[in-house]
Amino acid sequence: MRRWGIRKKVLVVTLVPTLLTTLMLGLFFTYSWVNNIESLLRDRGESLSRQLAAGSEYGLFTANRSLLSSLSNALLEEQDVRSITFFGSDGSRLLHTGPGSSDTIQASELNAEQATRVSRQDSTRFVTPVFLQDLMIENMLDPDARQSMSGLREPLGWVVVEMSHIRTEKETYKALLISLLLVLAGVLISLVIALRLSRAFTNPVFELNAAVAKFKEGKLDTRVYTGAGPEFEQLESGLNAMAEELSKAQAEMQQNIDQATEDLRETLETIEIQNIELDFARKEALEASRIKSEFLANMSHEIRTPLNGIIGFTELLLKSPLPRQQRDHLSTIRKSSEILLTIINDILDFSKIEAGKLILDRVPFQLRDIVEEVMVMLAPAAHSKNLDLVPLVYNDVPDNIMGDPLRVKQVITNLVNNAIKFTQTGEVVLRASLEEEDTESNQVTLRLSISDSGVGLSRAQQQSLFNAFSQADASTARQYGGTGLGLAISKRLVEEMGGKIGLESELGKGSTFWFTLTSELTSTGEAVAPRDALRGERVIYLEQQKTTGLAVEHLLRDWGMVVDRVASPGALQEQIEEAQKSQTGYALAIIGITRHLLNSSQYCGLVRTLEIERDCRTLLLTPTLETHDTPLSGLASGHLTKPVCRGALYDELLLLVHGINTGGRLPEEREVPGKRLTGSPVPRVLAVDDNEANLKLVMTLLTDCQLEAEGASSGFEALSKARQKPFDLVFMDLQMPGMDGVETTARLREMDTGNHRTPIIALTAHALAEEQDRLTRQGFDGYMAKPISSGQLNDIIHEYTGYVCPGAATTGRIQVPEIRDTRRALRPSTRKLQQDCVSVDESIQLAAGKADLAEELFSMLLEQVHVDRERIPELWSAERMDELLECVHKLHGATRYCGVPELRASANRLETAIKCSAADLEHQKDQLLSAMERLQIWSDQTDWQQLFRERHQAAETS
């Protein structure tokens, strides 16, 4: 009904009640009329039947048919009477008058007590019993007596009056017709009235709608006059007033439009002028940007050139013998120069990003190697503040991914360096986890987060932290330095690599910086041998720093090792003793300590006990040390610095557990320093630079490499020397007055022949992304950025000439064998409980209680062990078994007079094995050598003379 129009609603409201009322009244009156007709018919039939019964009493009593016939003929003249029938007392029909003589009446319909009515389809029969009336006077005067008397008699017969329904049906149809006509007349009258009312209501509404439509079309001069009543008059006046106001507003708006059009025309002319000015300004800005880039490149060169000399000559001075104070000063100069170089690099990186000239590499690299390199590089700074620096790379993180390893390393370095800088106590933890993996596109999303326990950041600091030149503390009294570009550069680099960067921090509770890295997986990486040689080995681990312990334990369990953690040195020693008693000793004991425990007597005693008395190898994990000459590192079998790298830890474990030295083997073809692999022994090198300090630095570095080097301060001088004799390598500065490095290189290329092409390496401080490609197109073979380091120079010389400089540092190209402490051979830990190495009390007891004699006998045994330890392997190798038996027998005899239970038992078993030619002869020999070694180590680590003297003094006192 919501969508019905006003006319339809008016019609419905008017017609529905009227129609319902008319129908209800018509039905009511029709029903009443029909009932009255039927009631009249019934009443007349009953009345006629009673009259006939009273009149026919004598005729039935006397069986006078003529009298009955005359009565029935007289009654047939009555309206609606169809037939009359008389029945005797036995129910037989005496007389029938009227149609339907063949119709019969059932005996059940003849009721002897009262009148009955039998309805048929087209008539109704009224059956009335006839009784003999008592004509006595007293009975006539008492009706009740008459009735009682009549009820006691049997009826004389019955009278049946049949009333026809024809006239009744006609009256019924007539009533229905009249009612229908009346209802229709009422509905028509209501419809006419409703239509009249609806028109009276809707026509003004339609006129108003038409007026509104004209207003909508803009015909605001339209006015409405419906004359429909006061309500519509009020609406008409409102619409007319509105039209008048709209007309005025339209006129005013048109005037405003004309004025605005004029203003817009003038504004467009102004914009055209401004566009022309902006175009000129854009060209000027592009030119200014180009000039800025050139300025930055030139400033890079100008700043790096003297900085190159400062850093280079500082390194040269540090290699020379100097007093400690001067060496400290030079170290400060070098660190300050490196800080200045870092600031310059940040500014140039930001300039490249702003200029849109940053080009990212896309090469396969290993994420775990990048993380470890950053951690090792920043470990000294963290450990100097007693911070725990820990990398946690989860197992599901893939290692071989595609990307720019240098930029990923730069972002990680910035974030970790900031965390170290703003953390005074606690830890800095780097976590790398797999956030999302798409197997269809072979892409992964990694999340790297750096958490610290530092000062934290407020909300205001967090909002501006990633802005350029913005710092958390920018006051003049700030505690932490920096340019404020590190996080801005990191943010832009992460976004360039398709990732996101953010932080979560609370003031005073530390911060967590995170970034995501989306990359493709690569299967082109080098095949890594499975590290399963340590699977199943049991180690025990004591660690003071909780997070470092978690990381190391994670690595060990990943390699299949069984790790038992302990919380104290006492628990460590006790658990190792219990394991050896049950013949299931540990393969290794790993001990991680902090800086303040390096000189702890408790830990020194623990390591000495494990190594000597328990014969259990120990691996020491310490922070970065300035020197490795600490008491603990001298006692332990192995020593690594934190954070622990996977490769170094695995190699060290192989050495300590199985005696396999993977890093100490010499390569089959080792390059000999000072020799060239091909050609003449020493190559000729030309260095060209217009800066006197830089030229002197390069010449000094080349001279230290024992090369035949010459210098040139200009391009003309370089060409002159190149015409005199050929060179095997040329280092060329780019920016030189007169003839720059590019033109000089082009001239040198003209001098090349088919058999000889001189490698030319560019020396420049330019840092733009396209610099290297442009130099390659200009004829240069390589690129070396200032400041120049001796390591870079040695690598370039080796790459292009094959010459290995004497004293060259270990690099990725030159394989230098690992140098390891060889004071004693490393053997696997003893898994079973061993007898005591030395018992001073037993020695004195065997010497009849004389401590001085026991000391002398023990000293003689040590001398004999020192000789026999070298002689026994010689005799074994030469298979001189008789002499070996004699040597062992003599040693066994010497042990009988000294308290050396382990050596005595080993000598006894080997002597017996030699005599019986036992199958485990070699094993018994190795056990004897191990016992002799332990005895020597015990004697070196223990002041045994003092022990014997103390026992002697105690005996004298008692």
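full-length UniProt numbering puts the sequence shown at residues 1 to 958.
Cβ coordinates follow ideal geometry from the N, Cα and C atoms, glycine included.
Computed from a predicted model, the values in this text were never measured in an experiment.
Exercise for the section: Go ahead and pull the three-state DSSP assignment for T811. Expected result: Working through the sequence shown from its first residue, we reach residue 811 at position 811. Reliability fails at T811, whose pLDDT of 39 lies under 50, so the model's placement of it is uncertain and no value is given.
Exercise for the section: State buried or exposed for G229, treating a residue as buried only when at least 16 other CB atoms are found within 10 Å of its CB. Expected result: As a working mapping, residue 229 is identified with position 229 in the sequence shown. Its Cβ having fewer than 16 others within 10 Å, G229 is exposed.
Handout entry: Residue from M163, L40, L19 whose Cα sits closest to the Cα of V187
Key = Locating residue 187 in the sequence shown gives position 187, counting from the first residue. Selected option, being the one with the closest Cα: L19.
Practice task
In angstroms with no decimal places, state the Cα-to-Cα distance between L322 and T624.
Solution key: Locating residue 322 in the sequence shown gives position 322, where the first residue counts as 1. Locating residue 624 in the sequence shown gives position 624, where the first residue counts as 1. Taking the straight line joining both Cα atoms gives about 24 Å.
Practice task
With DSSP as the reference, label E77 as helix, strand or coil.
Solution key: Taking the sequence shown and counting its residues from 1, one reaches residue 77 at position 77. Of the three classes helix, strand and coil, the one that applies to E77 here is coil, per DSSP.
Exercise for the section: Spatial neighbours of I819 within its chain, please: CB distance less than 6 Å, with the 5 preceding and 5 following residues excluded, ordered by chain position. Expected result: Numbered from its first residue, the sequence shown carries residue 819 at position 819. Only weak support exists for where I819 lies, its pLDDT of 36 falling under 50; the value from the coordinates is given anyway. Hits under 6 Å: none found.
Exercise for the section: Using alpha carbons as the reference points, say which of N418, I540, A241 lies closest to L588. Expected result: For the purposes of this step, residue 588 is taken as residue 588 along the sequence shown, with counting starting at 1. Answer by Cα proximity: I540.
Problem - Three-state secondary structure (DSSP) of N395 - result: Taking the sequence shown and counting its residues from 1, the one referred to as residue 395 is at position 395. Residue state, collapsed to three classes: coil.
Handout entry: Bridge-paired residues (DSSP) for Q443
Key = Mapped onto the sequence shown, residue 443 falls at position 443. Answer by DSSP bridge pairing, in chain order: D438, E520.
Handout entry: L110 in three-state terms, based on DSSP
Key = Mapped onto the sequence shown, residue 110 falls at position 110. DSSP places L110 in coil when its eight states are reduced to three.
Exercise for the section: Could you check what DSSP says for Y800 in three-state terms: helix, strand or coil? Expected result: Working through the sequence shown from its first residue, we reach residue 800 at position 800. Helix at Y800.
Handout entry: Residue interval of the alpha helix (DSSP H) (run including N418)
Key = Residue numbering aside, residue 418 sits at position 418 when the sequence shown is read from its first letter. 405-421 is the span of the alpha helix (DSSP H), which, as asked, contains N418.
Problem - C-alpha gap between L246 and L268, whole angstroms - result: On the sequence shown, residue 246 is found 246 positions in, with the first residue counted as 1. On the sequence shown, residue 268 is found 268 positions in, with the first residue counted as 1. Spanning the two alpha carbons is a distance of roughly 31 Å.
Handout entry: Distance between beta carbons of Q573 and T609, contact taken as under 8 Å
Key = Indexing the sequence shown from 1 puts residue 609 at position 609. Indexing the sequence shown from 1 puts residue 573 at position 573. About 6 Å; that satisfies the 8 Å criterion.
Exercise for the section: Could you have a look at L677 and say whether DSSP puts it in helix, strand or coil? Expected result: Within the sequence shown, the letter at position 677 stands for residue 677. Confidence at L677 is low in this model, with a pLDDT of 45, below 50, so its placement is unreliable and the value that follows should be read with caution. The answer is coil: DSSP assigns L677 none of H, G, I, E or B.
Handout entry: Cα-Cα separation between A648 and V376, rounded to whole angstroms
Key = The sequence position of residue 648 within the sequence shown is 648, counting from 1. The sequence position of residue 376 within the sequence shown is 376, counting from 1. So the two alpha carbons sit approximately 12 Å from each other.
Exercise for the section: Taking the CB atoms as reference points, tell me whether A243 and L208 lie closer together than 9 Å. Expected result: The count along the sequence shown starts at 1 and reaches residue 243 at position 243. The count along the sequence shown starts at 1 and reaches residue 208 at position 208. Not in contact: A243 and L208 (Cβ atoms no closer than 9 Å).
Handout entry: Contained beta strand (DSSP E) runs [length at least 3] in the region 602-643, N- to C-terminal order
Key = 618-622, 638-641
Exercise for the section: Starting from the Cα of L71, find the closest Cα among G779, H923, T97, T62 and give me that residue. Expected result: Counting from 1 along the sequence shown, the entry for residue 71 is found at position 71. Nearest C-alpha to L71: T97.
Problem - Buried or exposed by the 16-neighbour rule on C-beta atoms within 10 Å, applied to C916 - result: To locate residue 916, count along the sequence shown from 1; it is residue 916. Answer is exposed; the Cβ neighbour count stays below 16.
Exercise for the section: For the UniProt domain "Response regulatory" (684-801), list the beta strand (DSSP E) runs that are entirely contained and at least 3 residues long, ordered along the chain. Expected result: 684-688, 708-712, 729-733, 760-764, 782-785
Practice task
Quick one: grab the DSSP three-state call for I311.
Solution key: As a working mapping, residue 311 is identified with position 311 in the sequence shown. In this structure, I311 counts as helix in the three-state DSSP scheme.
Handout entry: Reference L556; option with closest CA among G570, D532, V416, L734
Key = As a position in the sequence shown, residue 556 is number 556, starting the count at 1. With distances taken between Cα atoms, L556 lies closest to D532.
Handout entry: S83, DSSP secondary structure in three states
Key = Translated into positions along the sequence shown, residue 83 becomes position 83. In this structure, S83 counts as strand in the three-state DSSP scheme.
Problem - Backbone CA spacing between R934 and N908 [nearest angstrom] - result: Numbered from its first residue, the sequence shown carries residue 934 at position 934. Numbered from its first residue, the sequence shown carries residue 908 at position 908. Distance between the alpha carbons of R934 and N908 is about 17 Å.
Exercise for the section: Could you work out which residue in G486, N36, G403 is closest to G499 when comparing CA atoms only? Expected result: Translated into the one-based positions of the sequence shown, residue 499 becomes position 499. Minimum Cα distance to G499 is reached at G403.
Practice task
Could you pull out every residue in the same chain whose Cβ sits closer than 8 Å to the Cβ of H889, ignoring the five residues on either side in sequence?
Solution key: Counted from its first residue, the sequence shown places residue 889 at position 889. Only E911 meet the Cβ criterion.
Exercise for the section: Compute the distance between the beta-carbons of L389 and K546, then report whether it is under 9 Å. Expected result: Within the sequence shown, the letter at position 389 stands for residue 389. Within the sequence shown, the letter at position 546 stands for residue 546. Taking 9 Å as the Cβ cut-off, L389 and K546 do not qualify as a contacting pair.
Problem - Outcome for E138 when other beta-carbon atoms lying within 10 angstroms are tallied against a minimum of 16 - result: In the sequence shown, counting from the first residue as 1, residue 138 sits at position 138. Low confidence applies here, because E138 scores a pLDDT of 49, under 50, leaving its location unreliable and the question unanswered by this model.
Practice task
Return helix, strand or coil for K8, following the three-state DSSP convention.
Solution key: Position 8 of the sequence shown, counted from the start, is the residue given in the question as residue 8. In this structure, K8 counts as helix in the three-state DSSP scheme.
Practice task
Could you tell me which uninterrupted alpha helix (DSSP H) segments, each at least 4 residues in length, are contained entirely in the region 929-955, listed from first to last along the chain?
Solution key: none
Problem - Proximal residues to D346 (C-beta, below 7 Å), its chain only, five neighbours per side dropped - result: In the sequence shown, counting from the first residue as 1, residue 346 sits at position 346. Cβ neighbours of D346 beyond the five flanking positions: T483, L485, G486, I489.
Problem - Own chain partners of L542 with C-beta closer than 6 Å, once the 5 adjacent residues on each side are dropped - result: On the sequence shown, position 542 is the one that residue 542 refers to. Same-chain partners within the cutoff: V566, L572, I591.
Handout entry: Chain-order list of residues whose beta-carbon lies under 7 Å from that of V411 (same chain, five-residue window excluded)
Key = Here residue 411 is taken as the residue at index 411 of the sequence shown, counted from 1. S490, L493, V494, F515, listed in sequence order.
Problem - Under the three-state DSSP convention, the category N400 falls into - result: By 1-based counting over the sequence shown, the position of residue 400 is 400. Looking at N400 - three-state DSSP - the assignment turns out to be strand.
Practice task
Over the uninterrupted alpha helix (DSSP H) stretch that includes residue 1014, give me the two end residues.
Solution key: This structure cannot settle anything about residue 1014, because the visible part of the chain is limited to 1 through 958.
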